[in-house]
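For the record, in the sequence shown the residue sitting at position 54 is 54 according to UniProt numbering, with numbers rising by one throughout. Built from N, CA and C at the ideal position, the CB exists for glycine as well. Here the structure is laid out as structure tokens; the discussion comes afterwards.
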Amino acid sequence: MASSMFYLAAQFDGRVVLTLDEACEAIGIATKTGYNQISMGTFPLPHRKQGKRVLIDVRDVAEYLDRERATAREAFERTH
């Protein structure tokens with residue numbers, strides 16, 4: 001399976017840490033939704049706070065995207 005890491009490295013200039021806004025963009029949710037999910041404890045990615053900023057490791061974003069793709073592919077293959 002191709003890793004999303006290559007895509008993310010290109011999109012975010014090889015940075016290792018993303019802001020919440022960037023991570024939300026990468027996983028396809030609104031930043032406000034990300035903040036709400038963090039408040040409710042349901043945000044799907046490990047994160048840390050640095051001052052007022054929420055930071056996410058790009059490797060965790062890549063793993064999440066790869067898992068979501070695998071889940072979608074399995075569901076598709078079961079129905080087709």
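Rounded to the nearest angstrom, what separates ALA30 and CYS24 at their Cα positions?
Roughly 6 Å between the two C-alpha positions.
Less than 7 Å between the C-beta atoms of ALA26 and VAL54, yes or no?
No; because the gap between Cβ atoms is not below 7 Å, this pair is not in contact.
Leaving aside the five residues before and after PHE12 along the sequence, list all residues of the same chain whose C-beta is less than 7 Å from its C-beta, in chain order.
Excluding residues within five positions, the ones whose Cβ falls inside 7 Å are LEU18, GLU22 and VAL58.
If we ignore side chains and look at the alpha-carbon of each, how far apart do VAL16 and GLY34 end up?
Cα-Cα distance, rounded: 19 Å.
Buried or exposed, going by whether 16 or more other CB atoms sit within 10 Å of the CB of PHE6?
So PHE6 ends up on the exposed side.
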